[in-house]
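Novice:
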Amino acid sequence: MSAVPQTIRLLSESAYASIDREIAKFPADQKQSAVMAALAIAQREVGWTSPEVIEDVARVLGMAPIAVHEVATFYNMYDTQPVGKFKLAVCTCLPCALRDGTKAGEYIKAKLGVDYNETTADGLFTLKESECQGACGDAPVLMVNNQRMCSFMSADKIDALLDELKGKA
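Here the numbering used here = 1-based position in the sequence shown + 142.
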């Protein structure tokens with residue numbers, strides 16, 4: 143038995159292949175440029191960017207783990223704590239706030255019985271307050287799991303979305 147520890151691989155071969163495709167988009171000596179894509183791929187597979195995921199991404203990219211951690215904690219699309227099955231990120235930046243973004247967030251809080259950065263008791267929903275999502279004209283907007291943007295989120299549309307997502311649970 144070897145005294146050298148084996149490298150722990152946290153992701154599937156498919157995820158590592160996806161990261162390799164992202165790395166290939168950059169010059170060989172700049173593979174750290176794929177850090178955001180690698181974190182997104184890892185988070186999609188694992189559900190959040192745990193310290194172990196951050197270390198694994200750092201290993202793959204040849205970066206210091208603290209450098210990957212800095213990226214993961216700077217951008218709000220990365221979750222450094224576990225989240226529910228459905229992460230709802232409501233934009234409350236000024237343009238959205240002026241067009242009922244704050245009101246939409248308050249409605250969701252009341253509807254789910256959670257505050258921002260909390261998860262419902264059943265583990266289904268985590269509510270986040272987000273930075274600008276680049277759709278100010280569609281306010282209020284929210285993003286589901288960093289993938290699906292929902293626009294003009296009135297109380298009725300929020301109710302329909304929550305019902306739809308509960309049906310997928």
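Note that CB positions come from ideal geometry on N, CA and C, so glycine has one too.
Taking 7 Å as the limit between beta carbons, can you name the residues of its chain near Glu271, skipping five residues before and five after?
Specialist: The residue you call residue 271 lines up with position 129 of the sequence shown. Val232, Thr234, Gly247 and Tyr258.
Novice: Does DSSP classify Arg201 as helix, strand or coil?
Specialist: What you label residue 201 is simply residue 59 of the sequence shown in a count that begins at 1. If DSSP states are grouped into helix, strand and coil, Arg201 belongs with the helices.
Novice: Note the first and the last residue of the continuous beta strand (DSSP E) segment covering Cys233.
Specialist: Indexing the sequence shown from 1 puts residue 233 at position 91. Phe228 to Cys233 is the extent of the beta strand (DSSP E) around Cys233.
Novice: In the structure shown, what three-state DSSP assignment does Lys299 receive?
Specialist: Within the sequence shown, the letter at position 157 stands for residue 299. Looking at Lys299 - three-state DSSP - the assignment turns out to be helix.
Novice: Let me know if Ser156 comes out buried or exposed under the rule of 16 or more other beta-carbons within 10 Å of its beta-carbon.
Specialist: One-based indexing of the sequence shown puts residue 156 at position 14. Answer is exposed; the Cβ neighbour count stays below 16.
Novice: Contact check, Glu260 vs Leu269 under 8 Å by CB: the rounded distance?
Specialist: As a position in the sequence shown, residue 260 is number 118, starting the count at 1. As a position in the sequence shown, residue 269 is number 127, starting the count at 1. At roughly 6 Å, the Cβ-Cβ gap stays under 8 Å, so Glu260 and Leu269 are in contact.
Novice: Could you compute how far the alpha carbon of Thr215 sits from the alpha carbon of Gln185?
Specialist: Numbered from 1 along the sequence shown, position 73 holds the residue referred to as residue 215. Numbered from 1 along the sequence shown, position 43 holds the residue referred to as residue 185. Whole-angstrom Cα-Cα distance: 13 Å.
Novice: Looking only at its own chain, which residues have a Cβ that is under 6 Å from the Cβ of Met345, when we skip the five neighbours before and after it?
Specialist: Shown here, the chain extends from 143 to 311; a query on residue 345 therefore has no answer.
Novice: Run through DSSP, which three-state label would Thr191 get?
Specialist: Here residue 191 refers to the residue found at position 49 when the sequence shown is read from its first residue. In the structure shown, Thr191 sits in coil (DSSP, three-state: anything other than H, G, I, E or B).
Novice: Closest to Lys308 by C-alpha separation, out of Ile196, Leu153, Gly189 and Thr262, would be which residue?
Specialist: Along the sequence shown, read from residue 1 onward, the residue named residue 308 stands at position 166. Looking at the Cα atoms, Thr262 is the closest of the given residues.
Novice: Leaving out five residues on either side along the sequence, give the residues of the same chain with a beta carbon under 7 Å from the beta carbon of Cys315.
Specialist: Only positions 143 to 311 of the chain appear in the structure, and residue 315 is not among them; the question remains open.
Novice: In this structure, how does DSSP classify Ser272 when only helix, strand and coil are distinguished?
Specialist: Walking along the sequence shown from the start, residue 272 turns up at place 130. In this structure, Ser272 counts as strand in the three-state DSSP scheme.
Novice: With H, G and I counted as helix, E and B as strand and the rest as coil, what does DSSP make of Leu284?
Specialist: As a working note, residue 284 is residue 142 in the sequence shown. Correct three-state label for Leu284: strand.
Novice: Using a threshold of 8 Å, state whether the C-beta atoms of Ala196 and Val210 are closer than that.
Specialist: Within the sequence shown, residue 196 is the residue found at index 54, counting from 1. Within the sequence shown, residue 210 is the residue found at index 68, counting from 1. Correcting the residue identity first, residue 196 is Ile in this sequence and not Ala. Cβ atoms of Ile196 and Val210: closer than 8 Å.
Novice: Work out the CA separation of Arg290 and Leu303 for me, nearest whole Å.
Specialist: Reading the sequence shown from its first residue, position 161 is the one you call residue 303. Reading the sequence shown from its first residue, position 148 is the one you call residue 290. Looking at the two C-alpha atoms, the distance is approximately 11 Å.
Novice: What number of angstroms, rounded off, separates the C-alpha of Ser192 from the C-alpha of Leu240?
Specialist: Taking the sequence shown and counting its residues from 1, the one referred to as residue 192 is at position 50. Taking the sequence shown and counting its residues from 1, the one referred to as residue 240 is at position 98. Distance between the alpha carbons of Ser192 and Leu240: 35 Å.
Novice: To the nearest angstrom, report how far apart Leu153 and Val188 are at their CA atoms.
Specialist: Within the sequence shown, numbered from 1, the residue matching residue 153 stands at position 11. Within the sequence shown, numbered from 1, the residue matching residue 188 stands at position 46. Rounded to whole angstroms, Leu153 to Val188 spans 8 Å at the Cα level.
Novice: Anyone know if the C-beta pair for Val213 and Leu254 falls short of 8 Å?
Specialist: In the sequence shown, counting from the first residue as 1, residue 213 sits at position 71. In the sequence shown, counting from the first residue as 1, residue 254 sits at position 112. Their beta carbons are not under 8 Å apart, which means Val213 does not touch Leu254 by this criterion.
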